[in-house]
Every structure is written in C-alpha cells, then in structure tokens.
Amino acid sequence: MTDMVHVVLVYQREAGRLLLEEPYDDLHTAMRRRFALERTSEYDDMEIVVLSADSTETLRETHGRYFLSSAELIQRFRDVVAAA
1 MTDMVHVVLV YQREAGRLLL EEPYDDLHTA MRRRFALERT SEYDDMEIVV LSADSTETLR
61 ETHGRYFLSS AELIQRFRDV VAAA
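Residue numbers (the UniProt record's numbering): 1 to 84.
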C-alpha cells in the first residue's frame with residue numbers, strides 16, 4: 001500500500017486565503033482534528049477539509065485553489081486556455 005499524506009486545511013473563502021495547513025500520516029487523526037476545528041467558533045464560515053494524496057506536492061497540483069494566490073490561479077487558467 002502506498003504511503004499517503006492527509007492534510008487538514010482551513011480556508012477563508014471570502015479572502016481566498018489558507019489559514020491553516022496541518023499534515024498527518026494517519027487519516028483518523030486528521031479527521032478528528034477536522035471535526036474538532038469545526039466545533040470551534042473561531043472557524044465559523046470557513047472551509048475545513050481533509051485532503052489526501054501520495055504527497056503534498058500532488059495536493060498542491062490537484063487542489064491549487066487552496067494553495068495559490070488569486071493571481072497565480074488566474075495565470076494557471078490562462079495557461080490552460082492558451083494551450084487548448
């Protein structure tokens with residue numbers, strides 16, 4: 001079985017900003033952390049997710065909206081359109 005990384009993210013949609021990034025080796029631990037964060041009022045109206053992949057680099061590639069700035073996302077979109 002392939003080793004996986006499980007990352008808890010807290011993303012502020014309105015500002016387009018990643019507030020928290022915590023990697024875990026164990027999915028159950030990551031999920032417990034996610035649920036604990038969801039119970040706090042500090043992160044109301046924020047997106048709290050657990051993403052899993054073979055590496056953090058893969059997560060950054062497949063879920064760029066959490067990790068890239070707005071300008072970087074726009075440039076990535078332009079690059080895709082230009083290549084089409």
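Where a beta carbon is used, it is the ideal one built from N, C-alpha and C, also for glycine.
Remember, predicted model here, so these are calculated numbers, not experimental data.
In the three-state DSSP reduction, L18 falls in the strand class (E or B).
At least 7 angstroms separates the beta-carbon of R34 from that of V5. In this structure, R60 lies near F67, with their beta-carbon atoms less than 7 angstroms apart. Boundaries for H63: no beta strand (DSSP E) harbours it, and the DSSP string shows neither H nor E there.
In its chain, beyond the 5 residues on either side, V10, Q12 have a beta carbon closer than 6 angstroms to the beta carbon of L19.
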